[in-house]
Structures are given as C-alpha cells and as structure tokens.
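Let me begin by presenting the structure, written as structure tokens, before commenting on it.
There are 2 protein chains.
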Amino acid sequence: MTVDLDDTDRAILRHLQADARTPFSEIARQIGMSSATVHDRVTRMRDAGVIEGYHAKVDPRAIGLGTSAFVGLRVEQGSDAAVDRFVEHLRGLDGVQEVHLTTGDWDLLVRVFAEDTDDLRELLFENVANAEGFARSYTMVVLGTEHDDPALPV
Amino acid sequence: MTVDLDDTDRAILRHLQADARTPFSEIARQIGMSSATVHDRVTRMRDAGVIEGYHAKVDPRAIGLGTSAFVGLRVEQGSDAAVDRFVEHLRGLDGVQEVHLTTGDWDLLVRVFAEDTDDLRELLFENVANAEGFARSYTMVVLGTEHDDPALPV
DNA sequence: CATGAAAGAATGAGCAG
DNA sequence: CTGCTCATTCTTTCATG
Chain A
1 MTVDLDDTDR
11 AILRHLQADA
21 RTPFSEIARQ
31 IGMSSATVHD
41 RVTRMRDAGV
51 IEGYHAKVDP
61 RAIGLGTSAF
71 VGLRVEQGSD
81 AAVDRFVEHL
91 RGLDGVQEVH
101 LTTGDWDLLV
111 RVFAEDTDDL
121 RELLFENVAN
131 AEGFARSYTM
141 VVLGTEHDDP
151 ALPV
Chain B
1001 MTVDLDDTDR
1011 AILRHLQADA
1021 RTPFSEIARQ
1031 IGMSSATVHD
1041 RVTRMRDAGV
1051 IEGYHAKVDP
1061 RAIGLGTSAF
1071 VGLRVEQGSD
1081 AAVDRFVEHL
1091 RGLDGVQEVH
1101 LTTGDWDLLV
1111 RVFAEDTDDL
1121 RELLFENVAN
1131 AEGFARSYTM
1141 VVLGTEHDDP
1151 ALPV
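Below is the structure:
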C-alpha cells in the first residue's frame, strides 16, 4: 500500500493534479525528462494505485445544483452493521457525493448536492431521515466555498 | 452563469467526470457522434466554465497523508471582514483542501489532510488556533471514507 | 454537426548508460 | 535498473461544406 515516490514522481503528480490532460511531452519538457519516462512513471503510479483516476471537475451551479450541504448523521445504536447498512443506502442516493465515518457528535459526515433548498429538503426528509437506522441529523448548508483545491500537497 | 446543456453535453460530462482522459474519439463512438463534435462541445463547456478543469485523483495514503479531518471553525465576532481574513490565512496552509462557509454552529467548515495525528495537531494548534481572529474549533477526524465519488449527477 | 487532412501525442520495443 | 531513441498508431484539432 505504501509506495516509494521520488522527486520525479512527485513532480509528475503535481502536474497531473493541476491539469490531468497536460500532455506527457509537456510534463517531460518541464521536468527535464523524456516523455517515455513520464509515460512509464505514470503507468507505474496508476498500477500502484497512487493515481486513482482522472476526473473532470464540473461547476455544480452550471448543471443546476445550486445548493450543497454537509450533513452530520447519527445512526441508531451505532453498531458497525447498522452503520454499514445506512452507508449502503446513502451510497445509492443521487446527490450524495461523499460519506465519511468521523469522530465527534455524529457517526457520519455526508456531502450532498441538490438543485435548491426544496430539493435538499426532499433528499434529507424523504431519502435520509426515512431510512432504517436513522436517528438524527444536523445540516450545515454551504453558503459559499471559499477554497476547493483538489490537489493534495505532494 | 447558467448554461444550456442538452443531452449530448450531459453524456459527454458523464464520461469526462468518470475518466477525464477518455479519448474524444471513444466518447464520440459511445454517444454516436463525430469526435469533432465532441471536441466542439467540450471546448464550449470549458469556455463557459461548466468544466472547470481536469484533475488526477491521488490516493492520500500513497503520498503519506494518512490522516484527514473536517474542522468546524468559529471566528471571533464573525464579521465579514474577519472571516475573509481568516479564510485567506487558511488558504495558504498546506493540507487545507477545502474551506466552506456554512450555516450552523460554525462559521467555517474546513477539510484538512495531514501525515498523522501529530501532524494534524501541529496544523491545528500552531497554524489555525494561533491565527488572528480564531475563536474555537471542533475537529472531526475521518475514520474512514465510505464513499467519495467526484462525479456530480448530470 | 460531419468530413478529411495535418499536426501532435501516446505508446511500446529495443538499446544504452 | 532506469531512462532514452525511434517508429507506429491513435488522437486532437481545424478548415470547410
């Protein structure tokens, strides 16, 4: 699971995190290596699971998802199995982007997207609060995203 | 800001969200259009800001970031200017990936990555809690990410 | 929105340090 | 073992209908 990465690998990762469609030849030029080498390193990092994928980042508002929120969720009698079943249910819901198990007041912290507050209410009341195992929720509506850099510090 | 997207655009977005390096020719084949058309649509959506970018998704653990957390933050006398200054400070910190303004108990909800709990403590105590305007924080350590789909439902 | 052509990139084999 | 050169194939890109 742990992978050895040298400075070359890290430089490549920085480029691909910033723009996953940068031509390998361009990355090669910038780090002073041949594109074959870049190709090689990238292949190795994909195979090793360091690079999990390449994804277009879409503006939620542009596709009509103007509302988003973080929702803290508590599951009844937070047993492992109960939480698992609940997570499975959440995973199937449109608009649920991330589900995290966390320490603190809730068992789960969930990131959701919705068209508007009506849509959000529907998602929460009809699809989350009605689910088996649900105990209570705490919704933090996102008023603004001030920073969102998909790149990790490599 | 609002852009009209037809079914073709949406199909293209689904492909690029799932794998941003899918050749346009392959997308074209799957949606029954020429690659020139796909190229055209993609260019338009990039220019319109619908597609904000393409990013490699890197496994945090593979690069030594085994710990992550959501941190709720309260800013002293939560005036706009005070929050803005605080956000600016957070933006400059390594490991701070997202900063959201939210409703609820905190002014800000922040997603952070760290090497381990020691590194997380350092980030929070030395770089966040010491900053001007800081009032209090509430840290939710991520014990597990059960779901993390970068694709929005288009 | 498609066709077709020109430019450029990805990919893989084999070679060199 | 790691990176490079080279050649093939495939993709991107753009002018045109």
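Protein chains in written order, with the numbering used here: chain A, 1 to 154; chain B, 1001 to 1154.
All residues carry an ideal CB built from backbone N, CA and C; glycine is no exception.
- The alpha-carbon separation between B:Met1033 and B:Leu1016 amounts to approximately 16 angstroms.
- Taking the CA atoms as reference points, A:Ile31 sits about 7 angstroms from A:Thr8.
- Here A:Leu123 carries a helix assignment [DSSP, helix/strand/coil].
- Here A:Thr117 is exposed. Its C-beta has fewer than 16 other C-beta atoms within 10 Å.
- A residue is called buried once 16 or more other Cβ atoms fall within 10 Å of its Cβ, and B:Phe1125, having fewer, is exposed.
- Counting along the chain, B:Asp1148 sits inside the beta strand (DSSP E) bounded by residues 1134 to 1148.
- A:Ala114 and A:Gly66 have their alpha carbons spaced roughly 7 angstroms apart.
- Relative to the Cα of B:Arg1074, the nearest Cα in the group B:Val1050, B:Ala1020, B:Trp1106 belongs to B:Trp1106.
- Under the three-state reduction of DSSP, B:Thr1117 is assigned to helix.
- Look at B:Arg1085: its C-beta is not under 8 angstroms from any C-beta on chain A.
- For B:Thr1037, the enclosing alpha helix (DSSP H) starts and ends at 1035 to 1048.
- Straight through space, the alpha carbons of B:Arg1029 and B:Phe1086 are spaced by roughly 49 angstroms.
- When Cβ pairs closer than 8 angstroms are counted between the two stretches, the segment 95 to 104 of chain A is seen not to touch the segment 42 to 54 of chain A, the count staying below three.
- Shown here for A:Ala131: same chain residues with a beta carbon closer than 7 angstroms to its own, the five before and five after excluded, namely Phe86, His89 in chain order.
- If you compare the alpha carbons of A:Leu143, A:Val99, A:Pro153 with that of B:Asp1080, the shortest gap goes to A:Leu143.
- Counting the other Cβ atoms within 10 Å of the Cβ of A:Ser68 gives 16 or more, which makes it buried.
- Residue pairing for A:Val99: DSSP places it in a beta bridge opposite A:Val110, B:His1147.
- Taking a Cβ-Cβ threshold of 9 angstroms, none of the residues of chain B is close to A:Glu76; the smallest such distance is about 18 angstroms.
- Around B:Thr1145, the beta-carbon contacts reaching into chain A at under 8 angstroms are Glu98, Val99, His100, Leu101.
- Look at A:Pro23: its C-beta is not under 8 angstroms from any C-beta on chain B.
- A distance below 6 angstroms between beta-carbons, with the five flanking residues on each side excluded, links B:Val1141 to the following residues of its chain, in chain order: Ala1069.
- Chain order gives the chain B residues near A:Arg91 as Glu1146, His1147, where near means a beta carbon separation below 8 angstroms.
- With a cutoff of 8 angstroms on beta-carbon distance, A:Arg14 and A:Val112 are scored as not near each other.
- Put simply, the backbone Cα of A:Glu76 is about 50 angstroms away from that of A:Phe24.
- Nearest to B:Val1110 by alpha-carbon distance, out of A:Ala36, A:Arg41, A:Thr145, A:Asp59, is A:Thr145.
- Chain-order list of chain A residues neighbouring B:Leu1124: empty, with the shortest C-beta distance near 14 angstroms, by a criterion of under 7 angstroms.
- Closer than 8 angstroms to the CB of B:Asp1019 there is at least one CB belonging to chain A.
- Among the CB atoms of chain A, none fall inside 8 angstroms of the CB of B:Ala1028.
- Short of 8 angstroms from the beta carbon of B:Arg1041, and not among the five residues preceding or following it, lie these beta carbons of its own chain, in chain order: Thr1008, Asp1009, Ile1012.
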